[in-house]
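Data block below; observations after.
There are 2 protein chains.
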Amino acid sequence: MFAPQLIGFVRTPYSETGDVPRGLGAKHEAEGDLDILPEFEAGLTDIEGFSHLIVIWAFDRSQGFELYGKTPTDGLPHGVFATRSPRRPNPIALTIVELLGRDGPRLHVRGVDMLDGTAILDIKPYLSNVPKEKLRRGWLAEAETRKGK
Amino acid sequence: MFAPQLIGFVRTPYSETGDVPRGLGAKHEAEGDLDILPEFEAGLTDIEGFSHLIVIWAFDRSQGFELYGKTPTDGLPHGVFATRSPRRPNPIALTIVELLGRDGPRLHVRGVDMLDGTAILDIKPYLSNVPKEKLRRGWLAEAETRKGK
Chain R
1 MFAPQLIGFV RTPYSETGDV PRGLGAKHEA EGDLDILPEF EAGLTDIEGF SHLIVIWAFD
61 RSQGFELYGK TPTDGLPHGV FATRSPRRPN PIALTIVELL GRDGPRLHVR GVDMLDGTAI
121 LDIKPYLSNV PKEKLRRGWL AEAETRKGK
Chain D
150 MFAPQLIGFV RTPYSETGDV PRGLGAKHEA EGDLDILPEF EAGLTDIEGF SHLIVIWAFD
210 RSQGFELYGK TPTDGLPHGV FATRSPRRPN PIALTIVELL GRDGPRLHVR GVDMLDGTAI
270 LDIKPYLSNV PKEKLRRGWL AEAETRKGK
């Protein structure tokens, strides 16, 4: 297996886990920056044409994993692969952000939910949606219904 | 940084890179299986409620990376972070699949585009779409226009 390498850092308004909005109905509207290391800047060529990016990052302040455990979203236990829990076998996270602008190796984006200083592993263009009429969201939709959201 | 660990293997009809449909308008309708290792099966609890999953996997037959290079899609060079090229600084891939059924540690899915035997790193539930009216797809949309697609 490969050895993950850092390609940059995320700059966000969140310095502690408790600062990041979470739970049912949490909105991720915060703006931040993806600061790509200078040696990887050439990889950003033509990225300005995409409105949305998939940021793959490391849960670098999470330790160990729990295959089945309670989530803060509904207080009930679920399998880790049915959740976004940071305590996963591979501490890999992804966030969809809206690209607002680029200044050299810095991408200004909306929708960050990472802690400030988080390690970026990859960026990919967001290309397509799942047909809305086919999308089912399991326990999360049930929790929203219970809460009347 | 963490050391990636294998959580399972993908079973697909594709034994060589040339077998995977790619380029403009390529459809990924092939069915396959995500075979999760028995020791991680508890992490699949409640996954049946989700129609679509994000599979994070390793480009385990790709070597090295190229920050700026031609893609087979339009024959023009683009930055690697504006493409889905396998030759990335971190050889991490993702594919959105539709979950058709589960048989213990085996998830039967539609939409695989990996080679048979590819290493799975993570599975996450697909939760939401980007608003269609806000989505722009840069060089890819331009290439589609040129091809009249």
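Listed in order, the protein sequences are those of chains R and D.
The first sequence begins at 1 in our numbering and counts up by one.
The second sequence begins at 150 in our numbering and counts up by one.
The C-beta atom is built at its ideal place from N, Cα and C for all residues, glycine as well.
Kindly indicate which three-state DSSP category residue i falls into: helix, strand or coil?
i, result
"residue 290(D)", "helix"
"residue 196(D)", "helix"
"residue 204(D)", "strand"
"residue 209(D)", "coil"
"residue 16(R)", "coil"
"residue 42(R)", "helix"
"residue 285(D)", "coil"
"residue 27(R)", "coil"
"residue 295(D)", "helix"
Can you check whether the C-beta of residue i is within less than 8 Å of a C-beta belonging to chain D?
i, result
"residue 5(R)", "yes"
"residue 64(R)", "no"
"residue 57(R)", "no"
"residue 100(R)", "no"
"residue 9(R)", "no"
"residue 103(R)", "no"
Taking the beta strand (DSSP E) that residue i belongs to, which residues open and close that run?
i, result
"residue 125(R)", "119-125"
"residue 230(D)", "First-last for residue 230(D): undefined, no H or E at that position."
"residue 9(R)", "8-11"
"residue 115(R)", "Note, residue 115(R): premise wrong, no beta strand (DSSP E); not H, not E."
"residue 217(D)", "217-219"
"residue 32(R)", "31-36"
Please tell me whether residue i has its Cβ less than 8 Å away from any Cβ of chain R.
i, result
"residue 169(D)", "no"
"residue 198(D)", "yes"
"residue 163(D)", "no"
Closer than 7 Å to a non-hydrogen atom of the ligand HEM - does that hold for the CB of residue i?
i, result
"residue 56(R)", "Inclusion of the ligand HEM in the displayed structure is not the case, the ligand content being empty and no account of it being possible."
Strictly by DSSP, which residues pair up with residue i?
i, result
"residue 252(D)", "255(D)"
"residue 331(D)", "Nothing in the structure corresponds to residue 331(D), since chain D is present only between 150 and 298."
"residue 77(R)", "70(R)"
Problem set entry | Contact list for the region 223-239 of chain D against chain R, Cβ threshold 8 Å | Residues 226, 227, 228, 229, 230, 231, 232, 233, 237, 238 and 239.
For this session: Pull out every residue of the region 256-269 of chain D whose Cβ sits closer than 8 Å to any Cβ of chain R, in chain order.
Result: Going along the region 256-269 of chain D in chain order, one finds 268 with a Cβ nearer than 8 Å to chain R.
Exercise. In chain order, what residues of the region 168-193 of chain D put their CB closer than 9 Å to some CB of chain R?
Worked result: Residues of the region 168-193 of chain D that bring their beta carbon within less than 9 Å of a beta carbon in chain R comprise 185, 188, 189, 190, 191, 192 and 193, in sequence order.
Exercise. What are the residues of the region 120-145 of chain R that lie near chain D, defined by any Cβ-Cβ distance shorter than 7 Å?
Worked result: 121, 122, 123, 124, 125, 126, 127, 129, 130, 132, 134, 135, 136, 137, 138, 139 and 140
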